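Report on the following structure.
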């Protein structure tokens, strides 16, 4: 039942398409127009010319032309990375004379076409262009199934993504993609940085979840619980993003370092650092600090930025930052930030990013975890957003008058699941996530702390961030008296 799935969360080719591509690769008699064979692994865009506006048609045509040009650059890069073999046999098979003779059906049955890389271009991908590359045995002695990731945005940092994968590999046994090659410059055929990595075998959990038996889901619940426990065990006195020690050491054995979060305002401009006297936590951004100092440092930086933008007036945003600073200090007074320790956090641990492989009717194995682009080192609460999809709780379900949930949470993840099977899944997960997990995950204060983390690192840079911050402050003011009475 196992099959190869593209190692990225942003695109998902169907199995039938994958099979068709593979058959085409193995049996096609056509002569390739270039040293690489290109397959556009997406459905044909349908359009209705009678209702489509000229402007839309022009835009789509330009978009398609840009995509085609980019795909051609990918093919050129593949030719640079894997030049055609220079043996006499391969030169003979690729010669114009043999190519002409191969048009004859009888001759073609005796003389095979030269083996070439199979390139599959995938449309979609919000953050990266994704290309699957399958190398024939004559080209590569190692892993033949590769994924090429090229960032769409100029601000993207593939070097940090590689550093994160190295960090995960060196600090844990969590299966992640192996890096084959990188180029963090624009001095290549694509004209952009790229990362070439091994394709993780299997299928993404999202595509098979509905077809799993209860016993298979129990295995998944156990493995996801163990994964959360492992992430919690990767502790650090520092909070921030993972980066390589030097630009040329991203694939080395040297352990990456943790640097402070980069704050950008709504216009993309960097938010200024604080002077030490301006905040209690100002000195702790690069040194060991408590969870309170983490929040004070980043919220104070945002407050300073908002104050500068309002020309010194105490406006709406400044007041809201003041309210949140008050909340985190009250939380600390009640002892809610313990343990004061950071850990590795994935931040996007959803079924689409969990690769699985079937080994029998009842056994399913996790083969890899995808999409570490958002991974950070942060207070342990951040790692403990409940995976409610395991037991039927949908955190993305909107209720009347509720805030937009992503990346915040709605209440209710710890409610007793409706069915006995769902309850069993939650019990299995909780028992394997570790003893500190339940409080860090299910307490209402923990849910609010995760929301505060998002505001502290993203700022009030969008309307829904403001809405969420207001909701957090409001809910805390209701919750605080109850917690104070329990002390």
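Numbering (full-length UniProt numbering), first residue to last: 1 to 487.
Glycine included, C-beta positions come from ideal geometry on N, C-alpha and C.
Nothing here was measured: the structure is a model prediction, and the numbers come from that model.
Distance between residue 67 and residue 344 (C-alpha atoms, nearest Å): 36 Å
The beta strand (DSSP E) that contains residue 259, what's its start and end? 257 to 259
Per the DSSP calculation, residue 163 is bridged to which residue(s)? In DSSP, residue 163 forms no bridge with anything.
Nearest residue (CA-CA) to residue 81, options 120, 135 and 456: 135
Could you confirm whether any beta carbon from chain C is found closer than 8 Å to the beta carbon of residue 214? The chain inventory of the structure shown lacks chain C, comprising one protein chain alone.
Nearest to residue 203 (by Cα), restricted to the options 467, 460, 465 and 370: 370
Environment of residue 69 [buried if 16+ CB atoms lie within 10 Å]: exposed
Residues in its own chain within less than 6 Å of residue 290 by CB, not counting five upstream and five downstream? 340
Residue 148 in three-state terms, based on DSSP: strand
Starting from the C-beta of residue 188, find all residues in its chain whose C-beta is less than 8 Å away, skip the five residues before and the five after it, and write them out in chain order. 77, 80 and 194
Relative to the alpha-carbon of residue 199, which residue among 185, 147 and 171 has its alpha-carbon at the smallest distance? 147
My guess is that residue 364 and residue 216 are in contact by the Cβ rule of under 8 Å, so how many angstroms apart are they, rounded? 5 Å
Comparing C-alpha positions only, which one of 337, 423, 431 and 144 sits nearest to residue 381? 337
Determine whether the beta carbon atoms of residue 192 and residue 162 lie at a separation below 8 Å. no
Quick check: the Cα distance between residue 401 and residue 447, rounded to an integer number of angstroms? Legend: pLDDT at residue 401 = 44, less than 50; position of this residue unreliable, no value from coordinates given.
Opposing strand residues paired with residue 204 [DSSP bridges]: 355
Is the beta carbon of residue 242 sitting closer than 8 Å to the one on residue 164? yes
Tell me the rounded alpha-carbon separation between residue 208 and residue 352. 10 Å
Would you mind sorting residue 143 into buried or exposed? The rule is 16 or more other CB atoms within 10 Å of its CB. exposed
Would DSSP call residue 382 helix, strand or coil? helix
For the putative contact between residue 366 and residue 356, defined by C-beta atoms under 8 Å, what is the C-beta separation to the nearest angstrom? 6 Å
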